[in-house]
Amino acid sequence: MDVIDYSVPVEELVSAVKKAVRKARISTADAGRDLRVGSVQLILSAVVTTKLGGGLDFRVPVIGWKVKVGGSHSRQKTHTIDVTLVAEDLQDRYELRDSAVEETLVEAITTIRAAVAAGTDGDDPLVLETATVELVFGVTDEGTISVGVEGELTDEITNTLRIELVRAG
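Just so you know, full-length UniProt numbering puts 25 at position 25 of the sequence shown, and the rest follows in order with no gaps.
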């Protein structure tokens with residue numbers, strides 16, 4: 001799944017997470033898994049800004065003065081949806097399992113595995129309590145119109161995908 005320039009379909013995002021879990025071999029179907037998904041959190045935010053204004057701009061030809069008078073009014077609306085999915089077999093949890101998001105998650109899980117392996121070596125071993133992967137991406141659209149009166153519309157969408165990994169055993 002690629003983050004496209006106009007939207008991020010939630011169904012495709014969740015599907016990419018599930019594919020990454022299978023590809024990283026941390027699915028419930030993987031008998032020897034060392035990590036598992038503790039939770040997946042999606043935070044979807046949309047900000048819409050409207051701006052209306054007008055102005056007068058003129059130049060006095062002989063002396064070269066420029067005069068500009070104007071004003072504007074803007075309004076901003078923010079909408080946020082926060083969804084947390086957790087592993088089904090953990091108390092109060094539900095597990096999830098193409099391609100930029102999927103590859104990034106698989107790389108992050110590989111890095112977490114390396115950190116856990118390094119932590120368990122030596123005289124003072126450290127074990128994994130939790131690991132979190134967070135992806136943030138946004139889309140902004142802007143438009144303007146000007147015919148004596150100026151108007152602007154800005155539509156900004158920011159999405160956060162946060163995955164918490166825990167020990168499988």
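We put the CB at the ideal spot given by N, CA and C, even for glycine.
Could you tell me whether the segment 39-54 touches the segment 152-162, where touching means 3 or more Cβ pairs closer than 8 angstroms? yes
Taking the alpha-carbon positions, what's the T120 to A114 distance? 10 angstroms
Given E107, which residues of its chain have a CB within under 7 angstroms of its CB, disregarding the five upstream and five downstream residues? none
Cβ-Cβ separation, I109 to I26 (assumed contact under 8 angstroms), whole Å: 6 angstroms
Within the same chain, show all residues whose beta-carbon is closer than 6 angstroms to that of V83, passing over the 5 residues directly before and after it, in chain order. L42
Residues bridged to H28 by DSSP? Per the sequence shown, the amino acid found at residue 28 is Thr instead of His. BP columns for T28 are empty, so no partner.
Out of A168, E152, R22, point me to the one whose CA is closest to S72's CA. E152
Secondary structure at L13, three-state DSSP: helix, strand or coil? helix
Per-residue DSSP class, three states only, for R33: coil
Check whether the Cβ atoms of R36 and V166 sit closer than 8 angstroms, and answer yes or no. yes
Three-state class that DSSP yields for E156 in the structure shown: strand
Apart from the five residues just before and just after T132, which ones in its own chain have a Cβ nearer than 8 angstroms to its Cβ? R162, I163, E164, L165
Determine the contact status of L85 and A20, defining contact as a CB-CB distance below 8 angstroms. no
Using a Cβ-Cβ cutoff of less than 6 angstroms, which residues in the same chain neighbour S45 once the five nearest sequence positions on both sides are dropped? T80, T158
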